[in-house]
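Residue numbers (the numbering used here): 1 to 204.
Note that CB positions come from ideal geometry on N, CA and C, so glycine has one too.
Since we're looking at a predicted model, the values are computed, not measured.
Heads up, the thing below is written out as structure tokens.
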Ligand SMILES: [Mg+2]
Ligand SMILES: [Zn+2]
């Protein structure tokens, strides 16, 4: 679920920060809430499968990526577990619904990595730490040069940069607020995941 600290530390040291992407994308690392699904309108976490609502076009974006042979990993902070708000089993059930419905649509999510820790646990996997992304890259077998991260929050962008991969911002979820406040230049911004994946696939 989360990487152990020592191998991750090694990986971090080996990464080149913010490389230019000149290679075709073979692996997309996705944030979950606000990218794939709507954030919980009541403001809390999505802790039950029936709270899952796909963002417009997100599933067809996954299908498009899968059809292009691009591997898909999900990396998600779920501090609701560490805070005692939800169990790992509950969050697994939500993620199982996501994976199953993506699969029914024709997309293949290869892995879902979550950080279950609370903010003061000082783990290496909670974004903006790069641990989850580095683990996804390692497990995928695809190099950082062929991987991009898509997220809606500043911590997604920071985590991607700390992992040494290119970040893409979408305007769904927290994305519009992030776009307004983001002080980092040179990041591609798209209205939603579908527009982002269409651009990535067209680049190939
Ligand atoms: Mg998000
Ligand atoms: Zn963690």
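How far does the beta strand (DSSP E) with residue i in it reach, from first residue to last?
i	result
residue 211	An answer regarding residue 211 cannot be provided, because it is not within the stretch 1 to 204 covered by the chain.
residue 115	111-115
residue 71	71-77
residue 29	27-30
residue 169	166-170
residue 189	188-190
At a cut-off of 7 Å, would you count residue i as near ligand 2, judging by its Cβ distance to the nearest heavy atom?
i	result
residue 80	no
residue 83	no
residue 155	no
residue 126	yes
residue 117	yes
Give the range of the alpha helix (DSSP H) segment to which residue i is assigned.
i	result
residue 178	175-181
residue 92	88-105
residue 156	154-163
residue 58	58-67
residue 131	131-140
residue 36	First-last for residue 36: undefined, no H or E at that position.
residue 198	193-203
If residue i and residue j are in contact, beta carbons under 8 Å, what's the gap, nearest whole angstrom?
i	j	result
residue 197	residue 65	5 Å
residue 193	residue 57	7 Å
residue 116	residue 81	4 Å
residue 102	residue 62	5 Å
residue 90	residue 130	With 8 Å as the limit, residue 90 and residue 130 do not qualify as a contact, their Cβ atoms being about 26 Å apart.
residue 112	residue 74	4 Å
residue 71	residue 110	5 Å
Using only the heavy atoms of ligand 1, determine whether one of them is closer than 7 Å to the beta carbon of residue i.
i	result
residue 152	yes
residue 174	yes
residue 189	no
residue 34	yes
residue 177	no
residue 31	yes
**Request:** Count the C-beta pairs between the segment 21-30 and the segment 127-142 that are closer than 8 Å, then say yes if the count reaches three, no if not.
**Result:** yes
**Asked** So does the segment 30-40 actually touch the segment 155-174, counting three or more Cβ pairs closer than 8 Å?
**Response** yes
**Prompt:** Any contact of the segment 72-90 with the segment 106-126, i.e. 3+ C-beta pairs under 8 Å?
**Reply:** yes
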